[in-house]
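Below: the structure, in structure tokens.
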Amino acid sequence: MAADERVLSFLQQQNRPYNAQGVTDHLAQFGVKKAQAQKALDALSEAGKIKCKEFGKTKIYTALQEDGDDLSKEEMEALQKANAELAEKAQAVSSAVRAKQKELQALECSLTVEEIAAKTEELQSQMHQAEEKLHELRSGSKLVTAEERAAVESAFLAATDAWAKRKRMFKSIWDQVSENIEQNAQNLFEEMGVETDEGCNADLKQVQQLMPKRIRR
Numbered sequence: 001m002a003a004d005e006r007v008l009s010f011l012q013q014q015n016r017p018y019n020a021q022g023v024t025d026h027l028a029q030f031g032v033k034k035a036q037a038q039k040a041l042d043a044l045s046e047a048g049k050i051k052c053k054e055f056g057k058t059k060i061y062t063a064l065q066e067d068g069d070d071l072s073k074e075e076m077e078a079l080q081k082a083n084a085e086l087a088e089k090a091q092a093v094s095s096a097v098r099a100k101q102k103e104l105q106a107l108e109c110s111l112t113v114e115e116i117a118a119k120t121e122e123l124q125s126q127m128h129q130a131e132e133k134l135h136e137l138r139s140g141s142k143l144v145t146a147e148e149r150a151a152v153e154s155a156f157l158a159a160t161d162a163w164a165k166r167k168r169m170f171k172s173i174w175d176q177v178s179e180n181i182e183q184n185a186q187n188l189f190e191e192m193g194v195e196t197d198e199g200c201n202a203d204l205k206q207v208q209q210l211m212p213k214r215i216r217r
């Protein structure tokens, strides 16, 4: 049986109002999905085979009555009550789902016994290393190896070289484009959002003096 035929038969047999979710809940055993139920209900309504009443964003569907009249006041009140009950149930289900999701997230974040043991071992190792470092600090031991010192000096030298190179490049370009500009250079830099060494209180020569004499250029 096609989905629209099954939906029509169900509404006629029950002879009471339903929304799409209610129809889906009853016909799920026959393989009817919510999207199919909604599509069938809309098609049947457009074809005039069932009635559809809208209450805000909710659509309520009923089988046609024999007299063909619109719903009575009592039926309308019953529909509104049913809609309110459905909305309340939906809210309760939604809250329950959120609570279960939080529980699941908490469980996923929980550590197993093996993970706790591994984490404990890792923390103990880190604590041991920290204690050794503290002992070295208190005893005045040399904490930086020659390799570490060389790596830092190399990185520092590369950074200052790049700084000097970009400074020269900017000066060369600026000298060419500013020949016919009468505006004060500093004011123009501010308007253009250009940050200069002077504007940042930075001095390349002073920074280069921080390097050991044996590696200065």
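All residue numbers for the sequence shown refer to UniProt numbering, where the first residue is 1 and numbers rise by one. Idealized CB from N, CA, C, for every residue including glycine.
When you compare only the Cα positions, how much space is there between residue i and residue j?
i	j	result
residue 243	Y61	Outside the displayed range of the chain (1 to 217) lies residue 243, so it cannot be described from this structure.
Q129	D197	41 Å
Q208	L188	28 Å
K33	T24	6 Å
M76	E46	21 Å
K49	E74	22 Å
Q176	A185	13 Å
E153	W174	31 Å
L64	K51	6 Å
T112	A99	22 Å
E117	F170	Note on residue identity: the sequence assigns Ala, not Glu, to residue 117. If I take the Cα positions, the gap works out to 57 Å.
G9	E103	The residue you asked about is not Gly; residue 9 is Ser in the sequence shown. If you take the alpha carbons of S9 and E103, they lie about 41 Å apart.
G68	L79	Confidence at G68 is low in this model, with a pLDDT of 47, below 50, so its placement is unreliable and the value that follows should be read with caution. Cα to Cα, G68 sits roughly 18 Å from L79.
S172	A150	33 Å
C200	F156	19 Å
A96	K119	33 Å
Q124	Q101	34 Å
E114	E147	37 Å
A202	T160	12 Å
E182	G193	18 Å
E54	C109	44 Å
E131	E121	15 Å
Q21	Q105	28 Å
Q206	S178	28 Å
K213	R166	23 Å
M127	H135	12 Å
E195	N180	21 Å
Q29	L86	21 Å
Q12	Q36	18 Å
DSSP beta-bridge partners for residue i?
i	result
F156	For F156, which the question treats as bridged, DSSP gives no partner whatsoever.
K59	E54
Could you check how far apart the C-beta atoms of residue i and residue j are, in whole angstroms? I think they sit under 8 Å.
i	j	result
N19	T58	6 Å
L204	A164	6 Å
P17	A82	6 Å
L44	V93	In fact, because the Cβ distance is near 27 Å, the residues do not count as touching under 8 Å.
Could one say the Cβ of residue i lies closer than 8 Å to chain D's Cβ atoms, at least one of them?
i	result
H135	Although the question refers to chain D, the structure presented lacks it and comprises just one protein chain.
Taking 7 Å as the cut-off, is the C-beta of residue i nearer than that to any heavy atom in the ligand ATP?
i	result
A40	The ligand ATP is not part of this structure, which contains no ligands at all.
With a floor of 4 residues, list each alpha helix (DSSP H) that falls wholly inside the region 72-122, ordered by position along the chain.
-> Within the region 72-122, the complete alpha helix (DSSP H) runs of at least 4 residues are 73-109.
Taking contact to mean at least 3 C-beta pairs separated by less than 8 Å, is the region 1-16 in contact with the region 27-41?
-> Segments in contact, yes.
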